Amino acid sequence: MKILVTGAAGFIGYHVAKALCQRGDEVVGIDNLNDYYDVALKQARLAQLEPFDNFEFVKMDMAIRPAMAQLFADRKFDRVINMAAQAGVRYSLQNPDAYIDSNLVGFTNLLEGCRHHDIEHLVYASSSSVYGANESMPFSTGDNVDHPVSLYAATKKAGELIAHSYSHLYQLPSTGLRFFTVYGPWGRPDMSPILFAKAILAGEPIKVFNYGKHRRDFTYIDDIVEGVVRCVDKIPPGNPQWSGIDPDPGSSRAPWKIYNIGNSEPVELLHYIELMEKAFGKSTSKEMLPLQPGDVEHTYADVEPLKSEIGYLPSVSIEQGLELFAQWYMDYYRV
Numbered sequence: 114m115k116i117l118v119t120g121a122a123g124f125i126g127y128h129v130a131k132a133l134c135q136r137g138d139e140v141v142g143i144d145n146l147n148d149y150y151d152v153a154l155k156q157a158r159l160a161q162l163e164p165f166d167n168f169e170f171v172k173m174d175m176a177i178r179p180a181m182a183q184l185f186a187d188r189k190f191d192r193v194i195n196m197a198a199q200a201g202v203r204y205s206l207q208n209p210d211a212y213i214d215s216n217l218v219g220f221t222n223l224l225e226g227c228r229h230h231d232i233e234h235l236v237y238a239s240s241s242s243v244y245g246a247n248e249s250m251p252f253s254t255g256d257n258v259d260h261p262v263s264l265y266a267a268t269k270k271a272g273e274l275i276a277h278s279y280s281h282l283y284q285l286p287s288t289g290l291r292f293f294t295v296y297g298p299w300g301r302p303d304m305s306p307i308l309f310a311k312a313i314l315a316g317e318p319i320k321v322f323n324y325g326k327h328r329r330d331f332t333y334i335d336d337i338v339e340g341v342v343r344c345v346d347k348i349p350p351g352n353p354q355w356s357g358i359d360p361d362p363g364s365s366r367a368p369w370k371i372y373n374i375g376n377s378e379p380v381e382l383l384h385y386i387e388l389m390e391k392a393f394g395k396s397t398s399k400e401m402l403p404l405q406p407g408d409v410e411h412t413y414a415d416v417e418p419l420k421s422e423i424g425y426l427p428s429v430s431i432e433q434g435l436e437l438f439a440q441w442y443m444d445y446y447r448v
């Protein structure tokens, strides 16, 4: 197939584009290469994709409507995977406009391209952050997600709703994936694995928020990619049993579906740090701090629907994943 991957220079987008190239799809990747974090890391990811003859990169900002319209008109995609977003919970407190431009304006421009060019299936990244103030564990797509605790989460929930309107009005098949704490090689430098690795290797204190009481459903990047690719191949048909009297929030009569994609094994933050110290062969002190604004205390994914309907089966343990991450980190940063 010919597949558009947005955010192709990003952490998850790069890995998805690579997996599609390896299986023989024709992939066009776009990214605006913004400076939210080190652009050199984004360019290094793209350099890993250059050897593939079936990969093309186009530098583009999804918020620019004419450019997006021209891209769809010129390339004639079969399917689209949207991994582009302004990420990060805490950054949304300082620069809210970036989230509106990318996660709402850019995403709507993408949906317009899909609508007008008969795209067979749109798969897009949502986030476990949408669960917000929800305290029911594990998080289920049947849970109410109307109380986000950050602007980032609100834009991700809004994206799901906007996608549903396009699926309903134009019969555009769309699948939203709520990612749970993705980590692994080529990860973002603003996320905990790289922040913690830097502190451990420098012998500096690790900042431990919420006094270490966090639990996170850490999910290795290879498991995420396997789930994304499986979803691309599975077009949602719509749920004929859906009822507006007792509505299922994760499905619809329209060809629209929401899944959680995680490891479904939450890990306490302090244990996660211990495993990371073991992977790097060093330990360091901890600075215990309160919960940060916008953070949720625990995440835990119910992935049974993804397992039963898509065949998803996460296989990388947190111990294995952190060992693989440490090996990449030492190599890439030449430690």
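So the number in the working numbering is just where the residue sits in the sequence shown, counting from 1, plus 113.
Positions of the beta carbon are idealized from the N, C-alpha and C atoms, including for glycine.
Since the structure is predicted, the reported quantities are computational estimates derived from the model, not experimental observations.
Between the beta-carbon of Thr397 and that of Glu273 there is about 39 Å, and that puts the pair past the 8 Å contact cut. Met196 sits away from Asn222, with the two beta carbons spaced by 8 Å or more. Listed in chain order, the non-local C-beta contacts of Met401 below 6 Å within the same chain comprise Val321 and Tyr324, local neighbours out to five positions each way being set aside.
The C-alpha of Pro302 is placed about 8 Å away from the C-alpha of Asp151.
A Cβ-Cβ separation of about 10 Å leaves Leu290 out of contact with Ser241 under the 8 Å criterion. Cα atoms of Leu314 and Glu233: separation of roughly 47 Å, rounded to the nearest angstrom.
Secondary structure of Val193 (DSSP, three-state): strand. Of the candidates Tyr333, Lys269 and Gln207, the residue whose Cα lies closest to the Cα of Ile371 is Lys269.
In the DSSP assignment, Asn373 is bridged to Arg291.
Residues of the same chain with a CB within less than 8 Å of the CB of Ser365, apart from the 5 flanking positions on each side, are His277, Ser280, His281, Gly351, Asn352 and Trp355 in chain order. Assigned with DSSP and collapsed to three states, Val236 falls in strand. Rounded to whole angstroms, Lys115 and Val429 show a C-alpha spacing of 29 Å. Of all alpha-carbon atoms in Ile275, Ala439, Pro418 and His229, the one lying nearest the alpha-carbon of Lys189 is that of His229. Exposed is the label assigned to Gln405, since fewer than 16 other Cβ atoms lie within 10 Å of its Cβ.
Taken through DSSP and simplified to helix, strand or coil, Arg158 comes out as helix. Nearest to Val262 by alpha-carbon distance, out of Ser305, Gly300 and Gly201, is Gly201. For Asp191, the closest of Ala198, Val218, Val141 and Thr332 by C-alpha to C-alpha distance is Val141. Selection Asp148, Tyr442, His327 and Gln161 evaluated against Lys131 yields Gln161 as nearest (Cα-Cα). Look at Leu435 here: in three-state DSSP terms it is helix.
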